[in-house]
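Right, one structure below, let's go through it.
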Amino acid sequence: MSVNWVMLSPSEGFVNLPGEQRLWTSPPRTSIHLESLNKNPNHEPFAMTCADGRIFLTSRRIVYIPTAQSKPPPSTSSSSTLSVLQSFACPLTHIHDTRVTAPWFGPNEVLSLIQPVPNGGIPPHHPAIKLTLTFRDGGAYDFHTKFVQVKERLQQALEVRGMAGLGADGGSAGQAEALAQASADVTLEDLPAYQETDAGRNAQGPMIAPTARRVTRQRHEEPLVELGSDTTEVAADPPVSVPADAPPGYEEAQSSGVSRALSDDKL
């Protein structure tokens, strides 16, 4: 994260980074509060607050721009690190444990733990900062839903490019260019629906595995016979040879004997 390091623009609020897209903007009466978690008495505490402003969700980071000049919050400690908040930004990959709280009385809030970036205006002895966004005009749940979706898609885009461990602040010139390309692919649009290809549309019949085709072909090549009205398909027995000196009615006697044997087996 960084404080007062965003390039401001009189017409658009702030200047986009390379490949950055603005995906969501909060209502104007959104407040921000930054507070250090380090309670070591030997280190200076850190805290900043702004009552009115907008939070911008982009494809690379969140940006907070006050709608009016903010004032440093009162403090009883003379050693507190307090200054006027002019802008705030934090890469999406440096925001952790984001959740929405809905109190009984008062507006909804979004709480997060953020990891400061080097030379971002945060003293180096603060490894984590608590971020509280208060949405007095609504939008907390909408922001949280879109934030989770954008962060997941940015991480997927970085993994595809082999940059899963790279923060949104970039690094070398090559990494910064690849990060710009990854963030350019991040959108809030729904993924395209599945469409059947020409190869699948022209295929005749259901798709069958090659092994299943061989077994089916072998079954069709075997001769089949029907026993009465039974539709069970069985392989036909080889024809029985009739002796040359068989008496008249030999074949009928053999058939009746087979029929009686089958009847006895069924009983």
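Start counting the sequence shown at 2; every next residue gets the next number (our numbering).
Think of the CB as a built atom: it goes at the ideal place given N, C-alpha and C, for glycine as much as any other residue.
From a predicted model like this one, the values you see are computed outputs, not experimental measurements.
query, result
"Buried or exposed: which applies to Gly107, given that a residue is buried once 16 or more other Cβ atoms fall within 10 Å of its Cβ?", "exposed"
"Tell me the rounded alpha-carbon separation between Asp170 and Pro92.", "Because the pLDDT at Asp170 is just 48, under 50, the model does not fix this residue reliably, and the value given afterwards should be weighed accordingly. Distance between the alpha carbons of Asp170 and Pro92 is about 7 Å."
"Based on the DSSP secondary-structure assignment, which residues constitute the bridge partners of Ile123?", "None, per the DSSP bridge assignment."
"Between the stretch 149 to 157 and the stretch 125 to 134, are three or more C-beta pairs nearer than 8 Å?", "no"
"Name the DSSP beta bridge partners of Phe57, please?", "Thr26 and Val64"
"Inspect the beta-carbon positions of Val4 and Leu35 and report whether they are closer than 9 Å.", "yes"
"Got a sec? Which residues, its chain only, sit under 7 Å from Leu134 by beta carbon, not counting five neighbours each side?", "Thr31, Ile33, Ile56, Glu110 and Val111"
"Considering Cα atoms alone, identify which of Phe136, Glu252, Pro249 and Thr188 is closest to Leu24.", "Thr188"
"Would you call His95 buried or exposed, if buried means 16 or more other Cβ atoms sit within 10 Å of its Cβ?", "buried"
"By the 10 Å Cβ neighbour count, where 16 or more other Cβ atoms means buried, how is Ala103 classified, buried or exposed?", "exposed"
"Is the beta carbon of Ser88 sitting closer than 9 Å to the one on Leu9?", "yes"
"Are Ser37 and Ser184 touching if we call contact CB-CB under 9 Å?", "no"
"Distance check for His145 and Leu155, CA to CA, integer angstroms please.", "15 Å"
"From the DSSP secondary-structure annotation, give me the bridge partner or partners of Arg100.", "Leu112"
"On the premise that Gly140 lies in contact with Pro67, defined as a C-beta separation below 8 Å, what is that separation, rounded to the nearest angstrom?", "About 17 Å; that fails the 8 Å criterion."
"Considering only C-alpha positions, which residue in the set Asp53, Arg137 and Val118 is nearest to Arg62?", "Val118"
"Count the other CB atoms within 10 Å of the CB of Ala158; is the residue buried (16 or more) or exposed (fewer)?", "buried"
"Where do the N-terminal and C-terminal ends of the alpha helix (DSSP H) with Lys147 fall, by residue?", "Ala141 to Val161"
"Using a 10 Å radius around the Cβ and a threshold of 16 neighbouring Cβ atoms, would you call Gly121 buried or exposed?", "buried"
"For the beta strand (DSSP E) containing Phe106, list its first residue and its last residue.", "Careful: Phe106 lies outside any beta strand (DSSP E) and carries neither H nor E."
"What residue from Val161, Ala52, Glu160 and Ser12 has the CA that sits closest to Arg137's CA?", "Ala52"
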